[in-house]
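What follows is one structure encoded as structure tokens, with my remarks underneath.
2 protein chains.
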Amino acid sequence: MSDSAEKAYTEIYRRICTGQLAPGARLVERHLCAELAVSRTPVREALRRLTAEGLVESRPRRGVVVAQLSSQELREVFEVGVVLESFCASLAARNAGGQAIPALRTLVDEMALALASESPDVPAYIELDHRFHLTVAQLTGNQRVLGLLKSTTDLRVLSQAFSHYDVAQLQRSLRQHVTLLEAIEAGDEDWAASAMRAHILSGRAISASTAPSK
Amino acid sequence: MSDSAEKAYTEIYRRICTGQLAPGARLVERHLCAELAVSRTPVREALRRLTAEGLVESRPRRGVVVAQLSSQELREVFEVGVVLESFCASLAARNAGGQAIPALRTLVDEMALALASESPDVPAYIELDHRFHLTVAQLTGNQRVLGLLKSTTDLRVLSQAFSHYDVAQLQRSLRQHVTLLEAIEAGDEDWAASAMRAHILSGRAISASTAPSK
DNA sequence: CTTGATCTTATGGTATACCATTTGACCTTA
DNA sequence: TAAGGTCAAATGGTATACCATAAGATCAAG
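Protein chains in written order, with my numbering: chain A, 1 to 214; chain B, 1001 to 1214.
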């Protein structure tokens, strides 16, 4: 997977996350080959990897389509996300041990910037939010839990979860991240875990209220 | 992945879990092709899948080897396993709602049987233990968390975790599963979560005491 | 006009040929 | 003998040809 396969994976991943390939869209191997100027082997490799990560679904003999998260699946993500993320926050706070964490602080600043202008840059905010949570997971020092979080909460999930946020809710999300930063830097495990729990649950509440059925 | 690829995956997976392919062993694509009587394409597909699942590691241009769990990684598995499994137990207890769960009961009975004879069938016990925990995860009704558990606690991890259990410790493990069954069937979320937490932590203690270094 | 069977085409699954890189053995030379 | 270089074999990465199947089009019969 040294070159072509990586290129194929990265490009297809990008197209899915940017919405250029919408949920339900078919991914025809030969078409992708032509567009990416590589052969089918690396394209197939990329598609398998995306399948394993849950971004696409493969039906035998019927090809690959971009996966759509049902409301049920989004509920499941939140349900396990609460547990996973608050665990990460707790562990991160323990490990960070009262020292400043420049990486998180920078991210929060950038998030504030993304919402500062009159027309908030929501995609940028989502991307930064994603990186914030991954960084927290990294601070745990536990590679395993980082992997789990990556597979549970990818950019596509976040985009869907954020799809009905209004400006006020984005602002609240930002404030919650500020709080999380303080709690983790303070090394306060319980505070960090609770703050994260509240953060995820408030996200769940918004998603639940805007997409109750299906 | 309809036929050959599935066959290749299943067979290689089996060989890894049975120890026929020990950690560190190289998986040479062409050799596997010859042994399994399929071409390289499905073999590669199987290897990619195994890579995604963490059972093997792929180094660019240097092939695939069976992954070895370091003590550090095993610690990480336990660390996140405590959280994930107790969450599963709690949710399973809530959903099971005070009714009998034949699947779990059968598994516990079979586990008892595996330890009953003079020479306990440890591999069988491990396999049953694995299925017990997967079944609990299934009872949560949350497909996402089931997937996470599968990727965290596979048969290979369990085999390594159990590798230094003595008979008394196996018996204790069995009793813990009986307790878990009771707690879940009783629909008692807190009891189930605590029992699971105790179960996992006792496993961690045994692993930690027998493989402290590295 | 509708319905059904058949055939074509699109497309995924598999096999294999070819290329590039790595690795280790062997030979040369100081 | 040791060090270094060169070369050949092993092996993973890529491209492509071939096969099987499923979906859609076409045509005939009623």
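We put the CB at the ideal spot given by N, CA and C, even for glycine.
Around the C-beta of residue 1130 (chain B), 16 or more other C-beta atoms lie within 10 Å, and the residue is accordingly described as buried. Spanning the alpha carbons of residue 1141 (chain B) and residue 159 (chain A) requires a straight line of approximately 24 Å.
Residues of chain B whose Cβ lies closer than 8 Å to the Cβ of residue 49 (chain A) are, in chain order, 1048, 1052.
Between residue 156 (chain A) and residue 91 (chain A), the CB-CB gap reaches or exceeds 8 Å.
Secondary structure of residue 1063 (chain B) (DSSP, three-state): strand.
Collapsing the DSSP output to three states places residue 1027 (chain B) in a strand. Proximity to residue 110 (chain A) across A:189, A:122, A:9 peaks at A:122, based on C-alpha coordinates.
With a threshold of 8 Å between beta carbons, residue 32 (chain A) makes no contact with chain B. The residues 1187, in chain order, have a CB closer than 6 Å to that of residue 1097 (chain B) in the same chain once the five nearest residues on each side in sequence are set aside. Annotation: residue 103 (chain A) to residue 180 (chain A) spans about 13 Å, alpha carbon to alpha carbon.
Going by DSSP, residue 1116 (chain B) is part of the alpha helix (DSSP H) stretching over 1102 to 1116. Residue 1145 (chain B) belongs to the set of residues whose beta carbon lies under 8 Å from a beta carbon in chain A. Partner residues in the beta bridge of residue 57 (chain A), as assigned by DSSP, are A:65.
Setting aside the 5 residues that flank it on each side, residue 164 (chain A) is surrounded in the same chain by 206, 207, 210, 211, each with a C-beta closer than 8 Å to its C-beta; the list follows chain order. Residue 142 (chain A) carries a coil assignment under DSSP once its states are collapsed to helix, strand and coil.
By the Cβ rule, the segment 1056 to 1068 of chain B counts as touching the segment 1016 to 1032 of chain B, because three or more pairs are nearer than 8 Å.
For a cut-off of 8 Å, the C-beta gap from residue 57 (chain A) to residue 196 (chain A) is around 30 Å, too long to register as a contact. Setting aside the 5 residues that flank it on each side, residue 33 (chain A) is surrounded in the same chain by 39, 40, 43, each with a C-beta closer than 7 Å to its C-beta; the list follows chain order. In this structure, the CA atom of residue 6 (chain A) is about 15 Å from the CA atom of residue 1051 (chain B). Against chain A, a Cβ distance below 8 Å from residue 1142 (chain B) picks out 76, 79, 80. Going by DSSP, residue 80 (chain A) is part of the alpha helix (DSSP H) stretching over 71 to 96.
Straight-line measurement puts the Cα of residue 36 (chain A) at about 31 Å from the Cα of residue 73 (chain A).
B:1028 is the residue among B:1028, B:1127, B:1076 whose C-alpha sits nearest the C-alpha of residue 1059 (chain B). Excluding sequence positions up to five before and after residue 124 (chain A), its CB lies within less than 6 Å of the CB of 114, all in the same chain and listed in chain order.
Between residue 1172 (chain B) and residue 1078 (chain B), the CB-CB gap reaches or exceeds 8 Å. By the neighbour-count criterion, in which a residue is buried when 16 or more other Cβ atoms sit within 10 angstroms of its Cβ, residue 1030 (chain B) is exposed. Not a single C-beta of chain B is nearer than 8 Å to the C-beta of residue 153 (chain A). For residue 195 (chain A), the secondary structure class from DSSP, reduced to helix, strand or coil, is helix.
Around the beta carbon of residue 14 (chain A), fewer than 16 other beta carbons lie within 10 angstroms, which makes this residue exposed.
Judged by beta-carbon spacing, residue 152 (chain A) lies within the 8 Å limit of residue 80 (chain A), meaning their Cβ atoms are closer than that value. Rounded to whole angstroms, residue 1146 (chain B) and residue 76 (chain A) show a C-alpha spacing of 10 Å. At a Cβ-Cβ threshold of 8 Å, residue 89 (chain A) and residue 184 (chain A) count as neighbours. Annotation for residue 1039 (chain B): no alpha helix (DSSP H) segment contains it, and DSSP assigns it neither H nor E. For residue 1045 (chain B), the nearest beta carbon of chain A is closer than 8 Å to its own beta carbon. Comparing alpha carbon positions, the residue from A:167, A:190, A:200 closest to residue 176 (chain A) is A:200. In terms of beta-carbon proximity, residue 1148 (chain B) lines the interface with chain A, with at least one pair separated by less than 8 Å.
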